[in-house]
Amino acid sequence: MSRQAAGLSLCRRRFSLACKSPILMRSHRASRAVQFLEACSSSDSSRSCCNVDGLEGELRPCGIYVRSLESISLAMTPKAAKKKRWVRARPLSPVLRPGDRQERSVESATDEFFADAFRLSPHPIGITELETGRCLEVNDACLEIFGFRRDEVIRKTTLILGIWPDPLDRARLIDRLRAEGAVRNLEVSMRMKNGELRQFLISTNLITLKGKACILTIGNDITERKRAEEELRRVNETLEQRVEERTTALRTVQARQQLLLTSTPVVLYARRATGEYASTFVSENVVKQLGHSSQDFTNQSDFWISHIHPDDRAYVLAGLARTFEHGRHIQEYRFLHKDGAYRWLRDEVRLLCDDVGAPIELIGFQIDVSDQKRVNEALREGEERFRLFIEHAPAAIAMFDRDMRYLGASRRWMEDYRLCGDILGRSHYDLIPDFPAWWREIHRRGLAGEILSKDEDRFVRSDGSVQWITWSVRPWHSGGKVGGIVIATEDVSARVEAKRALHESEERSDQVIRLANFGIFDHDHRAGTVYWSPVMREMYGVGPDEPASVEGYLALIHPDDREAVVTAMKLTNHSVGDDVNLMEHRVVRPDGSIRWLSLRSWTLFDNDGTDRRPTRTLGAMIDVTKRKQAEEALKVSERRFASFMDNLHGFAWIKDPEGRYLYVNRLFEESLLAGLAWKEKTARELWPEEIAEQYERNDKKVWETRMPLYTVAPFMQDGEVRHALVSKFPIVDHSGSPALLGGVAVDITERKQAEELLRQQADLLNQSHDAIFAWKIGGGIVYWNRGAEELYGWRSDEVIGRYSHTLLNTSPSTTTKEMEACLAQEGRWYGEITHMAKDGRRLIVESRHVRVMYGGQEYALESNRDITERKQAEDALRRQQVQLEELTSKLLTAQEHERQRIARDLHDDISQRLAALVLEVASFEHHPTVIRAELAQALTTLRQGLEQVSDDVHSLAYRLHPSLLEHAGLRPAVEDHVQQVSRRTGLPIRLKIAGVPTTVPLDHATCLFRVMQESVQNVVKHAQATQVVVQLRGSTKGLALSVIDNGKGFELHKLSAHEQGLGLSSMEERLRQLHGVFRIQSRPSSGTKVCAWVPFEVEVT
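First residue of the sequence shown: 126, per the working numbering; consecutive thereafter.
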């Protein structure tokens, strides 16, 4: 590598320090700096301008003189005329190129913009010396987060400021920097000015300023994120445990269902209602009945039809046709067993329809009646077997003749209607004489040949109880005439009550979901349940009582779109398919109107890989009818103005159904087909295979859907691959049928490149946790980042175009006027204002406004940081300051009173008694010849007086400071004081001490002793108690004290701070200084409990 190239590489590395931070320098700024260095490679010396962060936290324009590309030194030199700092690399002989001054003036406006961006950066940024750790520069965010003022930080080392909890952490960081040159995304713990430890994610680089090695550090406060991650982890563990419990319960239920299906001789099935009536479900016990597995039926669509006896096949198909007329049909036919013999089956099938009566599928059950057929084909035995079937049926079923006499009844019928004994041949009306008249009418209609049924019918029994039943009345025939009726009922009271409760729950949920402007659905594949939100029901045009189901949804889909929707659903639910479904389709509402809906759904699976099965599908729909109508109007307009195609500033063409080009406009022919014979040629004959395949796929979609298709597709022009916004649409003939395919395309290559650049720049702002948005001066909002959405609760699409101060209810209004005036005069504004979030919360924000120019228009870039909690903390601090001042005043007053009391005690009591003792001693001096007996008596009196004075002085000193506490410890001092108070007042005090350390710090012991002393004194003076309990308990974390009495108590919330007096205030203050806890619990006539706790770490005995 040449010497010049090596210098250029070195310069690039130095400038990349700024490029790596999106806040210090935008990508195009860094690119321009590198281009400048490359331009310098052809000259011995050059000069240009770039931006370097100044010591005041702003990006300042600076000149860089490059003597050679081998070395560039940066020096900080002040400018006397302007409040800016310039970074210059001074050569021995600077040479200015022509045009440098003009280039500097052009870039100055842009430099100011990025200076503001640096100052408004929400991330703390700092520059420190490598060796000493002395702070050279920090930005506003760094000062705000750490809580320092600028004059407290600049020129101070990080060790003096105490930022590093462990100085060895900085030493290890320095070692990594020296070894690697840069450190990215390092998690560290740092100490704030108030002593709080917070977590940061920092990136550092080694730089050189004025010949000294320095560290450039950019950080991101992740303390709250770490806490949130820990909380999320705990929630996820709980959720996983609950999901596992629900999964186990579900598997148990499925196992029970499978056991029930395999243990009954009745084979249950479900078949399609169209085509060859392919089986979609057959119970596993079909193997015992017919020898074939359930997979044989479901894997081959014609398996069931092909195995029916040829003589019975037409009869069976005719019976199925009658099923579509009457909804239910019973027939007997022969079916080929796997062993080659035919079995007689009795097949009862019912047609399942959706809410609008459209057939969904055939469900039923079949029984092997071969033995019954072989025993006796006579009608009598057949009726007897049918009677037995009814009697043992799991449902409540009864068979009657034309006179409503019982021919048979199931045990369930006997139990439900409380019948006993032999009822065959007896009249139903004789057994139940009070049978309702409307039921008698139903019986009459059934005997006339009608098939009647009702779901969830209310039935009042003779005892007054209400029962909900599902019933059906069907006539049976004999000799071509109605021989009687068969009645089947089922008690569904539990289901109705559950359905009502579910409906009430859904109504509550719908009130919340109705706030959304889109429809929501939830399909539980395992439970087979479907939920539609009220908005979705409005889209479908169905009422709240209509049952939600996948079949009901498919029935509403436009016939032309139904196949595509079904295909998309199968692909989404397939084990190897895409779990996300995006599509648009039409629905035909019950009133005949057609709506276009845009669908987005997501399917969840239980496992990964090919074994996974769908468990839940969630989705949302939006009504896009108006958009589709506009698109249709656009197609009409395009047909009208087809003659102007050649004047379009875009490509236009028409193809026939075989994909051959019939028409292209002039721009298409001149730009893309120059010199090519294109008429009646296909895309594969004109374009590369990969592009042609994409064109053909899009054409096919247009032909299949008969709807326009809008895509972004590549095309070749002059050997270059470019991109165009393509619109393909069908051209219909006079009958409205698609005859040709038309297309229009516009080259958007440059626009896509510009959009990608804008998207990248917007993503940078979205990374900020601050609310950043831009609004046009005098107009509405034009940009709203993710931080603004999180702070205020408004989505970006909800605020675009709205006036920001009206939307956020900015107050006070005078600040708004000052802000706009300041922006107009100075181009920037900073202050604190109050905003209102979408949910009504009042927020205090620290706001910065900068006026910028873009596209010839004036905009305001606004950055807001939520400081509501900080303001609340400041208010709490002020209140504590007021309380502290009041406490100080009380302490001074109490100190003065205590001094006066001590002085009175010494003067009025102890001093007088000492004077009397002095007189006694003086009398001995005047009578030296006192006899020995009198002297002994006088000395005894004198000694007793001195002892009394000594005791009083000791008591006075004990009240001032208990010496026993200092010499013997907390436990003996508490025991001694309790004994003295109990002895002096006669109040029984029970003392409980456990786990108290052998050695307790004197300040902790004094604090708890004074709290106990003051609490006991208050009990004696005010409580009127008969029992007192003093508890002192220790642990590895601290000492706890409680004083409990059964006195008169008081209303704690009515006790103001002024009424607390010095005792309670002093106890609170003592514990606050030791980071302890002080609590009082009291109610009138229920006694009082005073609790105190101080933390410490000592070994507990």
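Here a beta-carbon is modelled for each residue, glycine too, at the ideal position from N, C-alpha and C.
If you're wondering where the values come from, they're calculated on a predicted model, not measured in any experiment.
| task | Look at I1246 and N910 and say whether their C-beta atoms are less than 7 Å apart. | result | Because the chain here runs from 126 to 1226, residue 1246 falls outside it and cannot be looked at.
| message | Going by DSSP in three states, T935 sits in which element: helix, strand or coil? | response | Position 810 of the sequence shown, counted from the first residue, corresponds to residue 935. Correct three-state label for T935: coil.
| request: Going by DSSP, name the residue or residues bridged to H960. | output: Translated into positions along the sequence shown, residue 960 becomes position 835. Bridge partners of H960 according to DSSP: L968.
| request: Would you mind stating whether G775 and A870 have Cβ atoms separated by less than 7 Å? | output: For this step, residue 775 is matched to residue 650 along the sequence shown. For this step, residue 870 is matched to residue 745 along the sequence shown. Result yes, Cβ atoms of G775 and A870 sit closer than 7 Å.
| query | Within the chosen definition, does the stretch 676-687 reach the stretch 392-404 through at least 3 CB pairs nearer than 8 Å? | reply | no
| task | State buried or exposed for V378, treating a residue as buried only when at least 16 other CB atoms are found within 10 Å of its CB. | result | Taking the sequence shown and counting its residues from 1, the one referred to as residue 378 is at position 253. Counting other Cβ atoms within 10 Å of its Cβ, V378 stays below 16 and is therefore classed as exposed.
| task | Counting only runs of 3+ residues fully inside the stretch 734-808, write out the beta strand (DSSP E) ranges in chain order. | result | 739-748, 776-780 and 786-789
| request: Note down the Cα distance separating N891 from G912, rounded to an integer number of angstroms. | output: Locating residue 891 in the sequence shown gives position 766, where the first residue counts as 1. Locating residue 912 in the sequence shown gives position 787, where the first residue counts as 1. Going from the Cα of N891 to the Cα of G912 covers about 7 Å.
| request: Could you round the C-beta distance between D872 and A849 to whole angstroms and report it? I think they count as a contact, below 8 Å. | output: Here residue 872 is taken as the residue at index 747 of the sequence shown, counted from 1. Here residue 849 is taken as the residue at index 724 of the sequence shown, counted from 1. Right, the Cβ-Cβ distance comes to about 5 Å (below 8 Å), so this counts as a contact.
| request: Whole angstroms is fine: what's the gap from V1168's alpha carbon to P1209's? | output: Numbered from its first residue, the sequence shown carries residue 1168 at position 1043. Numbered from its first residue, the sequence shown carries residue 1209 at position 1084. Approximately 17 Å, taken between the alpha carbons.
| Distance between D716 and S246 (C-alpha atoms, nearest Å) | Sequence index remark: in the sequence shown, residue 246 carries index 121 (1-based). Sequence index remark: in the sequence shown, residue 716 carries index 591 (1-based). The alpha-carbon atoms of S246 and D716 are separated by roughly 58 Å.
| message | In whole angstroms, give me the CA-to-CA distance for R1096 and P1126. | response | On the sequence shown, position 971 is the one that residue 1096 refers to. On the sequence shown, position 1001 is the one that residue 1126 refers to. Each residue's Cα considered, the two are about 12 Å apart.
| said: For T742 and N698, what's the separation of their Cα atoms in angstroms? | reply: In the sequence shown, counting from the first residue as 1, residue 742 sits at position 617. In the sequence shown, counting from the first residue as 1, residue 698 sits at position 573. Each residue's Cα considered, the two are about 9 Å apart.
| query | Taking the alpha carbon of V1154 as the point to measure from, which residue in V1215, L1164 and L298 has its own alpha carbon closest? | reply | Reading the sequence shown from its first residue, position 1029 is the one you call residue 1154. Residue nearest to V1154 within the set V1215, L1164 and L298 is V1215 (criterion: CA-CA distance).
| query | Hey, how far is the Cα of S723 from the Cα of V712? | reply | Here residue 723 corresponds to residue number 598 of the sequence shown, with the count starting at 1. Here residue 712 corresponds to residue number 587 of the sequence shown, with the count starting at 1. Their backbone Cα atoms lie some 11 Å apart in a straight line.
| Mind checking N706: buried by the 16 CB within 10 Å criterion, or exposed? | Indexing the sequence shown from 1 puts residue 706 at position 581. With 16 or more other Cβ atoms within 10 Å, it is buried.
| What does a CB cutoff of less than 8 Å around E321 pick up in its chain, not counting 5 residues either side in sequence? | In the sequence shown, counting from the first residue as 1, residue 321 sits at position 196. There are no such residues.
| task | Pull up the CB-CB distance for H432 and L461, whole angstroms please, since I reckon it's below 8 Å. | result | For the purposes of this step, residue 432 is taken as the residue at position 307 of the sequence shown. For the purposes of this step, residue 461 is taken as the residue at position 336 of the sequence shown. That belief holds up - the Cβ atoms of H432 and L461 are roughly 4 Å apart, short of 8 Å.
| said: Could you tell me which whole beta strand (DSSP E) segments of length 3 or greater appear in the stretch 337-418? | reply: 337-346, 392-397 and 404-407
| said: Considering only the alpha carbon of each residue, which of D241, C267 and L1071 lies closest to I252? | reply: Reading the sequence shown from its first residue, position 127 is the one you call residue 252. Nearest of D241, C267 and L1071 to I252, Cα basis: C267.
| query | Could you give the distance in angstroms between the alpha-carbon of R720 and the alpha-carbon of Y656? | reply | Within the sequence shown, numbered from 1, the residue matching residue 720 stands at position 595. Within the sequence shown, numbered from 1, the residue matching residue 656 stands at position 531. Each residue's Cα considered, the two are about 20 Å apart.
| Cβ-based burial, T1124 [other Cβ within 10 Å; buried from 16] | On the sequence shown, residue 1124 is found 999 positions in, with the first residue counted as 1. Classification for T1124: exposed.
| Helix, strand or coil at S167 according to DSSP, with G and I counted as helix | The residue you call residue 167 lines up with position 42 of the sequence shown. For S167, the pLDDT reaches just 39, beneath the cut-off of 50, and the residue's location in the model is therefore unreliable, although a value from the coordinates is still provided. In the structure shown, S167 sits in coil (DSSP, three-state: anything other than H, G, I, E or B).
| What's the C-alpha gap between S862 and V827? | Translated into positions along the sequence shown, residue 862 becomes position 737. Translated into positions along the sequence shown, residue 827 becomes position 702. Going by the C-alpha atoms only, they are around 13 Å apart.
| request: May I ask you to check if the CB of L724 is nearer than 6 Å to at least one heavy atom of the ligand COA? | output: For the structure depicted, the ligand COA is absent and the ligand set is empty, with no information on it obtainable.
| request: List the residues that DSSP assigns as beta-bridge partners of D493. | output: Translated into the one-based positions of the sequence shown, residue 493 becomes position 368. Answer by DSSP bridge pairing, in chain order: L470.
| message | Buried or exposed for P855, going by 16 or more other Cβ atoms inside 10 Å? | response | Reading the sequence shown from its first residue, position 730 is the one you call residue 855. Burial call: buried.
| Boundaries of the alpha helix (DSSP H) in which S921 is found, first to last residue | Reading the sequence shown from its first residue, position 796 is the one you call residue 921. Taken as a continuous stretch (DSSP letters only), the alpha helix (DSSP H) holding S921 covers S921 to V924.
| message | DSSP has A985 in a bridge; who is on the other side? | response | Indexing the sequence shown from 1 puts residue 985 at position 860. Its beta-bridge partners are W900 and R976.
| task | Mark L1071 as exposed unless 16 or more other C-beta atoms lie within 10 angstroms of its C-beta, in which case mark it buried. | result | As a first step, residue 1071 is located in the sequence shown; it is residue number 946 there, counting from the start. Counting Cβ neighbours within 10 Å, L1071 comes out exposed, since fewer than 16 surround it.
| request: Confirm, please, whether the CB-CB distance from H974 to E987 is below 7 Å. | output: Within the sequence shown, residue 987 is the residue found at index 862, counting from 1. Within the sequence shown, residue 974 is the residue found at index 849, counting from 1. Yes, the Cβ-Cβ distance between E987 and H974 is below 7 Å.
| What's the call for G609, buried or exposed, on a 16-neighbour Cβ count within 10 Å? | Locating residue 609 in the sequence shown gives position 484, where the first residue counts as 1. By the 10 Å Cβ count, G609 comes out buried.
| said: Quick check: G444 and H434, are their CB atoms within less than 7 Å of each other? | reply: Within the sequence shown, numbered from 1, the residue matching residue 444 stands at position 319. Within the sequence shown, numbered from 1, the residue matching residue 434 stands at position 309. No, these two residues do not count as a Cβ contact at 7 Å.
| said: Please report the distance separating the alpha-carbon of S1211 from that of N1143. | reply: The residue labelled residue 1211 in the question sits at position 1086 within the sequence shown. The residue labelled residue 1143 in the question sits at position 1018 within the sequence shown. Using only the alpha carbons, I get a separation of about 16 Å.
| request: Flag this pair as yes or no: are the beta carbons of L1009 and T993 separated by less than 7 Å? | output: For the purposes of this step, residue 1009 is taken as the residue at position 884 of the sequence shown. For the purposes of this step, residue 993 is taken as the residue at position 868 of the sequence shown. No, they are not a contact pair.
| message | Quick check on DSSP: helix, strand or coil for M539? | response | Numbered from 1 along the sequence shown, position 414 holds the residue referred to as residue 539. Helix at M539.
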